Amino acid sequence: MKRPWIVALLVGVLLGVAGGYALIRWVSGRSGPVATPFLQQFALKDVAGKAGDANWDLRGDTIFSSWEVDHKRVLTRRVVAQGTVPVESQDDFFVRWQDAFRESLKQAGAGMPGGVSFSEAGSKVEDGKPVSSRLWLPRQYYTFGTVLGTADVWAVAHGDQVTLLVTLTEAS
């Protein structure tokens, strides 16, 4: 009487372990998210070129592997460039830079539900001369179908040296 019960229990445990193993392999074997064409083809120099005449030196362009956040797969691309923009025209440049970036999103077919922005300016004396520093930190939210994205399109200026940092993050 006890023997069939023990055999059934062992078979059930083995089937449970095999089923669990197969489920884990299936879940972990899912393909990761596919980057939108906008994330793949974004060209910082082209967008920045529409905003002004600065010669941009590309310092980095990296796509980070996907990871999971709240059951969504996430991809991130970071692009960094440096250039020279005269201090007196930096505010105008940055407005044009933001407009050019938003236009590139629109041309790619993105929906843009909103965004936020922060900026700060200051100055200090270096080598007996006043040097201004500026920080522009806008964030633009966008969508491509079911893909949700954020674009941090930042600029940091110290004197006439400007660093542009674009971080595109997409979750699908």
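What the sequence shown shows, in the working numbering, is residues 3 to 174, in sequence order. Cβ atoms here follow ideal geometry from the backbone N, Cα and C, with glycine treated the same way. Here the structure is a predicted model, which means the values were calculated and not measured.
Within the stretch 112 to 173, no run of alpha helix (DSSP H) at least 4 residues long lies entirely inside it.
Take the alpha-carbon of V49 and the one of A102: they are about 6 Å apart. For A45, the closest C-alpha among the options S135, E172 and V168 is that of V168. Boundaries of the beta strand (DSSP E) around V82: K74 to T86. Comparing C-alpha distances from G124 to each of A159, D94, G130 and G147 shows the shortest one belongs to A159. Among the bridge pairs identified by DSSP, T64 is matched with R80. Each residue's CA atom was taken as its position, placing S119 and R136 some 14 Å apart.
Under the criterion of beta carbons closer than 8 Å, Y143 and G116 qualify as touching, at roughly 5 Å. Rounded to the nearest whole angstrom, the CA to CA distance from G161 to P132 is 9 Å.
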